[in-house]
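Asker: For the sequence shown, the UniProt record's numbering begins at 1 and goes up steadily by one. We put the CB at the ideal spot given by N, CA and C, even for glycine. This is the structure I want to talk about, given as structure tokens.
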Amino acid sequence: MQHDHRPTEPRRTFEELVAEGAAVPTEGWDFSWFEGRATEARPSWRYAESLAGRLARARAALDIQTGGGEVLDFALGATAHPPGLLAATEGWPPNVAKATALLRPRGVVVVAAPDDAPLPFADGTFDLVCSRHPVQPHWDEIARVLRPGGTYFAQHVGPSSVFELVEYFLGPQSAQVRGARHPDRERAGAQAAGLEVVELRAERLRMEFHDIAAVVHFLRKVIWMVPGFTVEAYEDKLRALHERIEAEGPFVAHSTRHLFDARKPAD
Numbered sequence: 001m002q003h004d005h006r007p008t009e010p011r012r013t014f015e016e017l018v019a020e021g022a023a024v025p026t027e028g029w030d031f032s033w034f035e036g037r038a039t040e041a042r043p044s045w046r047y048a049e050s051l052a053g054r055l056a057r058a059r060a061a062l063d064i065q066t067g068g069g070e071v072l073d074f075a076l077g078a079t080a081h082p083p084g085l086l087a088a089t090e091g092w093p094p095n096v097a098k099a100t101a102l103l104r105p106r107g108v109v110v111v112a113a114p115d116d117a118p119l120p121f122a123d124g125t126f127d128l129v130c131s132r133h134p135v136q137p138h139w140d141e142i143a144r145v146l147r148p149g150g151t152y153f154a155q156h157v158g159p160s161s162v163f164e165l166v167e168y169f170l171g172p173q174s175a176q177v178r179g180a181r182h183p184d185r186e187r188a189g190a191q192a193a194g195l196e197v198v199e200l201r202a203e204r205l206r207m208e209f210h211d212i213a214a215v216v217h218f219l220r221k222v223i224w225m226v227p228g229f230t231v232e233a234y235e236d237k238l239r240a241l242h243e244r245i246e247a248e249g250p251f252v253a254h255s256t257r258h259l260f261d262a263r264k265p266a267d
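What follows is the structure, encoded as structure tokens:
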């Protein structure tokens, strides 16, 4: 048996890892950079594949807060019969540019619109409104742009998602903060806007961060987790977490997700 005398790769320093996590671009919702550095279990309902089936049956569809357009692009690529009218909204300028470049070849009109502004479409325009991880669903606007009999189909972030990481940096959060985005509260909001909730499913999913670069990039990308996060402001906590990961293995957290299927009653 021959022995492999190649030197092992030296362990990367805290400074090197943090610099890498701080340098990776954050546009869009492509999480491929995390491969080998962080993992997250996926919900059993497979949102993007399910969305492809919904798009095949729709005549006019709107994707709200499309990010870089990656999820809608995947779903459209998986359906042979896309809707005749396709639109998407996005509020962050770098994502608007990325989504436009990705989705325009698929016939999608990408509209720059702030997340908290009224949707720039006429009443009853769409028979399908969809969204993956909207910051906050604006139920009255969703109901307004849906045609009678139309559907809202979306995957939402649930309550206390990744709060093991949030509370590591920010300390214990109040019950009010931990309960935000609760599916029961969102169900009530949808019903108050006149929508019928056909299905609402929730799951809690394991996440692992294998190095501090993944933590830094995640908090830069998902900016509402630790508002105002910078490496400089949290250097001491980052260094301590790096040492913990090196000594004990991956930092474990849990995301929460829920699937919404709501319908606007037919006239």
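If you reduce the DSSP assignment to three classes, tell me which class M1 lands in.
Answerer: Along the sequence shown, one-based indexing puts residue 1 at 1. Confidence at M1 is low in this model, with a pLDDT of 41, below 50, so the placement of that residue should be treated as unreliable; the coordinate-derived value is given next. M1: coil per DSSP, three-state reduction.
Asker: Quick check: Q65 and E90, are their CB atoms within less than 8 Å of each other?
Answerer: Here residue 65 refers to the residue found at position 65 of the sequence shown. Here residue 90 refers to the residue found at position 90 of the sequence shown. Note that the C-beta distance between Q65 and E90 is below 8 Å.
Asker: In this structure, how does DSSP classify F121 when only helix, strand and coil are distinguished?
Answerer: In the sequence shown, residue 121 corresponds to position 121, counting from 1. Residue state, collapsed to three classes: coil.
Asker: Any idea what DSSP makes of E27, helix, strand or coil?
Answerer: Mapped onto the sequence shown, residue 27 falls at position 27. Reduced to three states, the DSSP call for E27 is coil.
Asker: Let me confirm a value: L17 is counted as buried when at least 16 other C-beta atoms fall within 10 Å, else exposed. Which label applies?
Answerer: Position 17 of the sequence shown, counted from the first residue, corresponds to residue 17. With 16 or more other Cβ atoms within 10 Å, it is buried.
Asker: Just checking my contact of F121 with V96 at CB under 8 Å: how many whole Å lie between their CB atoms?
Answerer: In the sequence shown, the residue the question calls residue 121 occupies position 121. In the sequence shown, the residue the question calls residue 96 occupies position 96. Actually they are not in contact, since the Cβ atoms of F121 and V96 sit about 16 Å apart, beyond 8 Å.
Asker: By how many angstroms is the C-alpha of P25 removed from the C-alpha of T8?
Answerer: Stepping through the sequence shown from its first residue, residue 8 is reached at position 8. Stepping through the sequence shown from its first residue, residue 25 is reached at position 25. At T8 the pLDDT is 46, less than 50, meaning the model places this residue with poor confidence; the figure from the coordinates comes in the next sentence. Approximately 29 Å, taken between the alpha carbons.
Asker: So, helix, strand or coil for Y47, using DSSP?
Answerer: Within the sequence shown, residue 47 is the residue found at index 47, counting from 1. Y47 falls in the helix class under three-state DSSP.
Asker: Nearest by alpha-carbon distance to E208: which of W29, A38 and R185 is it?
Answerer: In the sequence shown, counting from the first residue as 1, residue 208 sits at position 208. For E208, the nearest C-alpha among the options comes from A38.
Asker: Count the other CB atoms within 10 Å of the CB of S161; is the residue buried (16 or more) or exposed (fewer)?
Answerer: As a first step, residue 161 is located in the sequence shown; it is residue number 161 there, counting from the start. S161 comes out buried.
Asker: Would you check if the distance between the CB atom of D127 and the CB atom of G150 is smaller than 8 Å?
Answerer: If you number the sequence shown from 1, residue 127 lands on position 127. If you number the sequence shown from 1, residue 150 lands on position 150. Closer than 8 Å, so yes.
Asker: Where P114 and E248 are concerned, what is the direct C-alpha to C-alpha distance, given to the nearest angstrom?
Answerer: In the sequence shown, counting from the first residue as 1, residue 114 sits at position 114. In the sequence shown, counting from the first residue as 1, residue 248 sits at position 248. Roughly 42 Å between the two C-alpha positions.
Asker: Could you pull the DSSP bridge partners for A61 from this structure?
Answerer: Here residue 61 corresponds to residue number 61 of the sequence shown, with the count starting at 1. In DSSP, A61 forms a bridge with L86 and L128.
Asker: Take L102 as the anchor and find which of R220, T125 and D73 has the nearest alpha-carbon.
Answerer: Here residue 102 refers to the residue found at position 102 when the sequence shown is read from its first residue. In terms of Cα proximity to L102, the closest of R220, T125 and D73 is D73.
Asker: Verify whether the separation of the beta carbon atoms of A88 and V71 is less than 8 Å.
Answerer: Indexing the sequence shown from 1 puts residue 88 at position 88. Indexing the sequence shown from 1 puts residue 71 at position 71. Going by C-beta atoms, A88 is not nearer than 8 Å to V71.
Asker: If the criterion is Cβ atoms closer than 8 Å, does the pair H258 and P183 meet it?
Answerer: The residue you call residue 258 lines up with position 258 of the sequence shown. The residue you call residue 183 lines up with position 183 of the sequence shown. In this structure, P183 lies closer than 8 Å to H258 by Cβ.
Asker: To the nearest angstrom, how far is the alpha carbon of P186 from that of S50?
Answerer: The sequence position of residue 186 within the sequence shown is 186, counting from 1. The sequence position of residue 50 within the sequence shown is 50, counting from 1. Going by the sequence as given, residue 186 is Glu instead of Pro. Cα-Cα distance, rounded: 21 Å.
Asker: Quick one: Cα of T230 to Cα of G84, how far?
Answerer: Within the sequence shown, numbered from 1, the residue matching residue 230 stands at position 230. Within the sequence shown, numbered from 1, the residue matching residue 84 stands at position 84. About 43 Å.
Asker: According to DSSP, simplified to helix, strand and coil, what is V166?
Answerer: Locating residue 166 in the sequence shown gives position 166, counting from the first residue. Residue state, collapsed to three classes: helix.
Asker: Looking at the secondary structure, which residues open and close the alpha helix (DSSP H) in which P94 lies?
Answerer: If you number the sequence shown from 1, residue 94 lands on position 94. Looking at the DSSP string, the run of the alpha helix (DSSP H) that includes P94 is P93 to L103.
Asker: Across which residues does DSSP place L195 in a beta bridge pair?
Answerer: By one-based count along the sequence shown, residue 195 stands at place 195. Bridge partners of L195: none, in fact.
Asker: According to the neighbour-count rule (16 or more other Cβ atoms, all chains shown, within 10 Å of its Cβ), is V215 buried or exposed?
Answerer: By one-based count along the sequence shown, residue 215 stands at place 215. Burial is judged here by how many other beta carbons sit within 10 angstroms of a residue's own beta carbon; V215 has at least 16 and is buried.
Asker: Cα-Cα, which of A154, Q176 and D211 is closest to A190?
Answerer: Within the sequence shown, numbered from 1, the residue matching residue 190 stands at position 190. Closest option to A190, Cα to Cα, is A154.
Asker: Do G21 and I212 have their C-beta atoms closer together than 8 Å?
Answerer: If you number the sequence shown from 1, residue 21 lands on position 21. If you number the sequence shown from 1, residue 212 lands on position 212. Yes. Within cutoff.
Asker: Can the beta-carbon of V197 be found closer than 8 Å to that of A262?
Answerer: Mapped onto the sequence shown, residue 197 falls at position 197. Mapped onto the sequence shown, residue 262 falls at position 262. In contact: V197 and A262 (Cβ atoms closer than 8 Å).
Asker: Quick one: is H156 buried, meaning 16 or more other Cβ sit within 10 Å of its Cβ, or exposed?
Answerer: As a working note, residue 156 is residue 156 in the sequence shown. H156 comes out buried.
Asker: Would you kindly report the start and end of the unbroken alpha helix (DSSP H) that includes F218?
Answerer: Position 218 of the sequence shown, counting from 1, holds the residue named residue 218. First-last of the alpha helix (DSSP H) with F218: I212 to K221.
Asker: Under a Cβ-count criterion, where at least 16 other Cβ atoms within 10 Å of its own Cβ denotes burial, should G158 be classed as buried or exposed?
Answerer: Here the question's residue 158 lines up with position 158 in the sequence shown. Classification of G158: buried, given that the 10 Å Cβ count is 16 or more.
Asker: Which partner residues does D261 have in the DSSP bridge list?
Answerer: Along the sequence shown, one-based indexing puts residue 261 at 261. In the DSSP output, where bridge partners are listed per residue, D261 has F153 and E199.
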